[in-house]
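So the protein lines, in turn, are chains A and B. Taking numbering that gives the first Met the number 0, the leading residue of the first sequence gets 0, the next gets one more, and so forth. Taking numbering that gives the first Met the number 0, the leading residue of the second sequence gets 0, the next gets one more, and so forth.
Number of protein chains: 2
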Amino acid sequence: MHISEFQQLISKKYERRDRQRGIPATFMWFIEEVGELATALAADDKQNREEEFADVFAWLCTLANISDVDLEKACDKYTSDDVKGFKPK
Amino acid sequence: MHISEFQQLISKKYERRDRQRGIPATFMWFIEEVGELATALAADDKQNREEEFADVFAWLCTLANISDVDLEKACDKYTSDDVKGFKPK
Numbered sequence: 000m001h002i003s004e005f006q007q008l009i010s011k012k013y014e015r016r017d018r019q020r021g022i023p024a025t026f027m028w029f030i031e032e033v034g035e036l037a038t039a040l041a042a043d044d045k046q047n048r049e050e051e052f053a054d055v056f057a058w059l060c061t062l063a064n065i066s067d068v069d070l071e072k073a074c075d076k077y078t079s080d081d082v083k084g085f086k087p088k
Numbered sequence: 000m001h002i003s004e005f006q007q008l009i010s011k012k013y014e015r016r017d018r019q020r021g022i023p024a025t026f027m028w029f030i031e032e033v034g035e036l037a038t039a040l041a042a043d044d045k046q047n048r049e050e051e052f053a054d055v056f057a058w059l060c061t062l063a064n065i066s067d068v069d070l071e072k073a074c075d076k077y078t079s080d081d082v083k084g085f086k087p088k
């Protein structure tokens with residue numbers, strides 16, 4: 000599935016409600032999922048890890064939708080050989 | 000670009016170093032990017048927003064790589080009609 004397809008799927012299912020909620024409140028849900036990912040990473044439950052990764056990605060797409068950002072297009076910065084900003088060790 | 004292609008691109012460029020760094024230290028870099036996304040969302044700079052969304056996604060892929068999680072496969076939970084766990088208003 001393309002990045003843009005997944006973002007559109009999330010838009011179709013949730014964007015109307017997401018926009019009503021607004022960016023700050025949606026960011027708080029996103030962070031809740033990030034916290035659940037941290038818990039999953041510290042545990043040894045592969046299925047739960049998978050679920051939490053998907054949830055964080057879904058909420059990132061939700062934030063992108065209500066911020067009018069095309070995530071796949073934004074990722075162009077990583078497809079060149081000269082990536083700026085990625086952290087060293 | 001497929002979700003899996005982007006994850007593989009990040010793997011090819013960074014996974015060896017990411018694995019050396021380990022999950023806890025990599026999670027800290029991820030959170031730094033999440034913080035930068037928060038700053039970008041609070042500002043009115045579309046280009047910076049796009050960059051920060053891409054960075055958060057790239058670091059999420061890095062975490063998935065070193066956790067042996069296939070992010071595209073994990074997203075299957077969102078492609079059915081009955082999504083569990085997505086937050087209400």
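Quick reminder that beta carbons are idealized off the backbone N, C-alpha and C, glycines included. Since the structure is predicted, the reported quantities are computational estimates derived from the model, not experimental observations.
Next on the checklist: On the criterion of 16 or more Cβ atoms from any shown chain inside 10 Å, does B/Ala63 qualify as buried, or is it exposed?
Outcome noted: Reading the second sequence from its first residue, position 64 is the one you call residue 63 of chain B. Buried: at least 16 other Cβ atoms inside 10 Å.
Checklist entry - Is it right to say A/Ala41 is buried, meaning 16 or more other beta carbons lie within 10 angstroms of its own, or is it exposed? => result As a working mapping, residue 41 of chain A is identified with position 42 in the first sequence. Exposed, since its Cβ has fewer than 16 Cβ neighbours within 10 Å.
Item to check | Contacting positions in the region 23-44 of chain A - beta carbon closer than 7 Å to chain B | outcome: Of all residues in the region 23-44 of chain A, Phe26, Trp28, Val33, Ala37, Leu40 have a Cβ within less than 7 Å of some Cβ in chain B.
Checklist entry - Within 7 Å (strictly less), CB to CB, does A/Glu14 reach chain B? => result The residue labelled residue 14 of chain A in the question sits at position 15 within the first sequence. Cβ-Cβ to chain B under 7 Å: no for A/Glu14.
Next on the checklist: Quick check: B/Glu32 and A/Val68, are their CB atoms within less than 7 Å of each other?
Outcome noted: For the purposes of this step, residue 32 of chain B is identified with residue 33 of the second sequence, where counting begins at 1. For the purposes of this step, residue 68 of chain A is identified with residue 69 of the first sequence, where counting begins at 1. Not closer than 7 Å, so no.
Next on the checklist: Using 8 Å for Cβ pairs, my map puts A/Ser3 next to A/Glu51. What's the rounded Cβ distance?
Outcome noted: Position 4 of the first sequence, counting from 1, holds the residue named residue 3 of chain A. Position 52 of the first sequence, counting from 1, holds the residue named residue 51 of chain A. In this structure, A/Ser3 and A/Glu51 do not form a Cβ contact; the two beta carbons are roughly 23 Å apart against a cut-off of 8 Å.
Item to check | Where the region 62-77 of chain B meets chain A: residues whose CB sits under 9 Å from a CB there | outcome: Among the residues of the region 62-77 of chain B, those with a Cβ less than 9 Å away from any Cβ of chain A are Leu62, Ala63, Ser66, Asp67, Val68, Asp69, Leu70, Glu71, Lys72, Ala73, Cys74, Asp75, Lys76, Tyr77, in the order of the chain.
Checklist entry - What span of residues does the alpha helix (DSSP H) with A/Gly34 cover, start to end? => result Within the first sequence, the letter at position 35 stands for residue 34 of chain A. From DSSP, the alpha helix (DSSP H) with A/Gly34 extends over 22-41.
Checklist entry - Taking A/Gly34 as the reference, which of B/Thr38, B/Leu36, B/Phe29 has the closest Cα? => result Taking the first sequence and counting its residues from 1, the one referred to as residue 34 of chain A is at position 35. Relative to the Cα of A/Gly34, the nearest Cα in the group B/Thr38, B/Leu36, B/Phe29 belongs to B/Phe29.
Next on the checklist: Taking its Cβ as the centre, do 16 or more other Cβ atoms sit within 10 Å of A/Asp44, making it buried, or is it exposed?
Outcome noted: Here residue 44 of chain A refers to the residue found at position 45 of the first sequence. A/Asp44 is exposed by the Cβ-count criterion.
Next on the checklist: List, in chain order, every chain A residue whose beta-carbon is nearer than 9 Å to that of B/Arg18.
Outcome noted: For the purposes of this step, residue 18 of chain B is taken as residue 19 along the second sequence, with counting starting at 1. Contact of B/Arg18 with chain A by beta-carbon distance below 9 Å is absent, the smallest such distance being about 11 Å.
Item to check | alpha helix (DSSP H) segment containing B/Cys60, residue limits | outcome: Position 61 of the second sequence, counted from the first residue, corresponds to residue 60 of chain B. 45-65 is the span of the alpha helix (DSSP H), which, as asked, contains B/Cys60.
Checklist entry - Taking C-beta to C-beta, are B/Lys12 and A/Ala53 nearer than 7 Å? => result Taking the second sequence and counting its residues from 1, one reaches residue 12 of chain B at position 13. Taking the first sequence and counting its residues from 1, one reaches residue 53 of chain A at position 54. Taking 7 Å as the Cβ cut-off, B/Lys12 and A/Ala53 do not qualify as a contacting pair.
Checklist entry - Considering B/Lys72, what are the terminal residues of the alpha helix (DSSP H) in which it resides? => result If you number the second sequence from 1, residue 72 of chain B lands on position 73. For B/Lys72, the uninterrupted alpha helix (DSSP H) run begins and ends at 70-73, by DSSP.
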